Amino acid sequence: MKQTNKVSLVLSSGGARGLAHIGAIEALESQGFEIQAISGTSIGAVIGGIYAAGHLEAYKKWMCNLDKLDVFNLFDFTFSSQGFVKGERVFAELQKFIPDVAIESLPIHFTAVASDVTNNCEVVFESGSLFDAMRASVAIPTILKPFVKENQILVDGGVVNPIPIGRVKRTEQDILVVVNLNANIPYYKEIKNREKNIEEENNYRMKISSFMEKWLSLLPKSESPKKTLGFFELLNKSFDMMQDRVAEFTLEQHKPDILVNISRQACGTFEFYKATEMIEYGRRMMHTALEQWASKEVSN
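Listed below in structure tokens is the structure:
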């Protein structure tokens, strides 16, 4: 049994499901655990970086006040062949209440992961601008425009390392905690006003899809628009499947002390207006995982 409350925390990629990371962190703190190091990929890098900088509560309040229209307006759409969202607007909003800092100056050791498609390698941020690291790590291929730095074209860290266990700074007696946002498990929630919720979510997704169709129309034509859209969907499903395989291999090679699985079905990539629901879900799943871990530790 480990006689420590020190946690090395790994936060995976997973789009808007990453808001569950907030609840998971709050659950750890409420149980007296001290997070001494964090590594994150994509949304995991954003949540982890903001927490390490001491601004998670402000970020949480901001996110919980966003409705569907607010979230949609944060997408600065662009007709670019590299991606249909610039990604500048949301980070400009964040900088209004979260100052950029040097990663090496953070009180908690923080590591973000991105993918360099120019040099075909993983890029690890452990120093330099926190906002540069977060922006590079979240650049989902074909969706968010890449982050260009010197001779590097950087995209989502999930391409090479969706669960960056090997990048978190460990200590001899720490507790390794991993939050996986892409688990193939059912998602259960209390459903209120089901028909109204479904209608609102469908309308929101239609707005996103409408812009995607316009964006796709600028790309080289295939035999039919339907097949072009099918290709886009296939590309994203393939990306998810690739991340899943890499994540499974990572978890086999690096067994965490505590694994928190968040259902892939919990919400879509862009559904950041579900902040309150996702935060509570992350908190609930972390509490469950901690209880299971504590029971196992006692029995050992």
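Here full-length UniProt numbering is used: the first residue of the sequence shown is 1, the next is one more, and so on. Note that the Cβ used here is the ideal one computed from N, Cα and C, for glycine as well. Just so we're clear, the structure is a prediction, and the values are computed from it rather than from any experiment.
**Message:** Could you tell me the alpha carbon to alpha carbon distance between residue 73 and residue 109, rounded to whole angstroms?
**Reply:** Stepping through the sequence shown from its first residue, residue 73 is reached at position 73. Stepping through the sequence shown from its first residue, residue 109 is reached at position 109. Whole-angstrom Cα-Cα distance: 33 Å.
**Bridge-paired residues (DSSP) for residue 144** = As a working mapping, residue 144 is identified with position 144 in the sequence shown. The beta-bridge partner set that DSSP reports for residue 144 consists of 85.
**Item:** Reference residue 125, options 23, 246, 5, 135, closest by Cα
**Value:** Your numbering for residue 125 matches position 125 in the sequence shown. When each option's Cα is compared against that of residue 125, the closest is 135.
**Request:** Give me whichever residues DSSP pairs with residue 154 in a beta bridge.
**Result:** Taking the first residue of the sequence shown as position 1, residue 154 is located at position 154. In DSSP, residue 154 forms a bridge with 116, 147.
**Message:** For residue 160 and residue 289, what's the separation of their Cα atoms in angstroms?
**Reply:** Along the sequence shown, read from residue 1 onward, the residue named residue 160 stands at position 160. Along the sequence shown, read from residue 1 onward, the residue named residue 289 stands at position 289. Straight-line Cα distance between these residues: approximately 27 Å.
**Asked** Which one or two residues does DSSP pair with residue 39 in a beta bridge?
**Response** By 1-based counting over the sequence shown, the position of residue 39 is 39. According to DSSP, which records beta bridges pairwise, residue 39 is partnered with 10, 111.
**Prompt:** Under a three-way DSSP split, which group does residue 102 fall into?
**Reply:** The sequence position of residue 102 within the sequence shown is 102, counting from 1. The three-state reading of DSSP puts residue 102 in strand, counting E and B together.
**Request:** Pull up the DSSP beta-bridge partners for residue 125, would you.
**Result:** Taking the sequence shown and counting its residues from 1, the one referred to as residue 125 is at position 125. Answer is 112, bridged to residue 125.
**Request:** Find out if the Cβ-Cβ distance for the pair residue 43, residue 16 is shorter than 9 Å.
**Result:** To locate residue 43, count along the sequence shown from 1; it is residue 43. To locate residue 16, count along the sequence shown from 1; it is residue 16. Yes. Within cutoff.
**Prompt:** In terms of residues, what are the limits of the alpha helix (DSSP H) holding residue 298?
**Reply:** On the sequence shown, residue 298 is found 298 positions in, with the first residue counted as 1. Note, residue 298: alpha helix (DSSP H), 275-299.
**Prompt:** Shortest alpha-carbon distance to residue 30 belongs to which of 287, 86, 293?
**Reply:** Indexing the sequence shown from 1 puts residue 30 at position 30. The residue with the shortest Cα to Cα distance from residue 30 is 287.
**Message:** Helix, strand or coil for residue 269? Go by DSSP, reduced to three states.
**Reply:** To locate residue 269, count along the sequence shown from 1; it is residue 269. Coil.
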